[in-house]
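Peer 1: Using the working numbering, the first residue of the sequence shown is number 648, and each one after it goes up by one. The beta carbon of each residue, even a glycine, is placed where N, CA and C say it ideally should be. Take this structure, written in structure tokens, and hold onto it; I'll ask about it next.
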Amino acid sequence: MRFSRLILVAATCAGLAACGDTTGEQAILGGGAGAVGAAVLNADPLFGAAVGAAGNVLYCKTQNTCN
Numbered sequence: 648m649r650f651s652r653l654i655l656v657a658a659t660c661a662g663l664a665a666c667g668d669t670t671g672e673q674a675i676l677g678g679g680a681g682a683v684g685a686a687v688l689n690a691d692p693l694f695g696a697a698v699g700a701a702g703n704v705l706y707c708k709t710q711n712t713c714n
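Shown next, in the form of structure tokens:
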């Protein structure tokens with residue numbers, strides 16, 4: 648059980664590190680990763696999705712490595 652949680656957390660981090668080509672894609676990728684991360688941690692998935700979407704869009708817009 649602990650190993651599968653570690654895999655899900657790693658996948659969530661990888662999803663948050665991915666930028667989409669448009670703002671919508673960035674929000675969807677971040678929101679999905681945030682929802683999964685919240686579900687793994689037994690937190691509110693809607694709150695996790697909102698934080699993940701906002702965080703990924705903010706990160707992608709401020710970094711030169713993203714579109």
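Can you have a look at GLN710 and say buried or exposed, based on whether 16 or more other CB atoms are within 10 angstroms of its CB?
Peer 2: GLN710 comes out exposed.
Peer 1: Using three-state DSSP, classify GLN673 as helix, strand or coil.
Peer 2: Helix, per DSSP.
Peer 1: Could you check whether GLN673 and VAL704 sit closer than 8 Å to each other, using their CB atoms as the reference points?
Peer 2: Yes, the pair counts as a contact, with Cβ atoms nearer than the cut-off.
Peer 1: Flag this pair as yes or no: are the beta carbons of GLY695 and GLY684 separated by less than 8 Å?
Peer 2: Yes; because the gap between Cβ atoms is below 8 Å, this pair is in contact.
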